[in-house]
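Below is one structure, written out as structure tokens; comments come after it.
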Amino acid sequence: MDRFLSNAVNRIDAKGRVSVPAHFRAVVQKRGYCDLYALRALDAPAMDVGGLDLLDRYEQRIAQEDPFQGAADDMSFFVHGDGTFLKIDQDGRITMSDFIRAHTGITTEAVFVGRGAFFQIWEPGRFEAHGKVVRDRLLRLRQVPQSVGAGAPE
1485 MDRFLSNAVN RIDAKGRVSV PAHFRAVVQK RGYCDLYALR ALDAPAMDVG
1535 GLDLLDRYEQ RIAQEDPFQG AADDMSFFVH GDGTFLKIDQ DGRITMSDFI
1585 RAHTGITTEA VFVGRGAFFQ IWEPGRFEAH GKVVRDRLLR LRQVPQSVGA
1635 GAPE
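To convert a position in the sequence shown, counted from 1, into the working numbering, add 1484.
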């Protein structure tokens, strides 16, 4: 497997460390990540986490912007100022720093959520609430508006 899939809740220990789920660690190892890049999600109380390829993707986008316009500066502020590196220790744990806790609201447990090329870290209650909103939004998109001839066979 080379994608971050599914989700898992893990407890944070007394020293503020939490185990990265084994299936996520396998992806990290397969991709050869030594460090993890973590960025405060722009539109959710979660951390986006991946390897240097995630940071590279953002920096490539910044490089496409006119350096004399504000968008490049804003993007850099977000990508570099709201990001940090995480180290996975020999036991597969990362530290839930104040930087992470302040944005996510994480206290005693963290949810690791696969997003394909990266994963997110959420506070469990916020993750559940967000999941409901997302499913409701997708359900509304899936519903086909009734045509004038409603009830006619398709």
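Cβ coordinates follow ideal geometry from the N, Cα and C atoms, glycine included.
- For Val1512, no beta strand (DSSP E) encloses it; the enclosing alpha helix (DSSP H) starts and ends at Ala1506 to Arg1515.
- Per DSSP, reduced to three states, the secondary structure at Met1485 is coil, with no helix or strand assignment.
- When Cβ pairs closer than 8 Å are counted between the two stretches, the segment 1539-1546 is seen not to touch the segment 1605-1612, the count staying below three.
- Secondary structure of Arg1501 (DSSP, three-state): strand.
- Between the C-alpha atoms of Phe1596 and Ser1503 there is a straight-line separation of about 10 Å.
- Of the candidates Asp1532, Asp1486, Ala1594 and Gly1516, Ala1594 places its Cα closest to the Cα of Ala1492.
- Exposure of Ala1498 is indicated by the presence of fewer than 16 other C-beta atoms within 10 angstroms of its C-beta.
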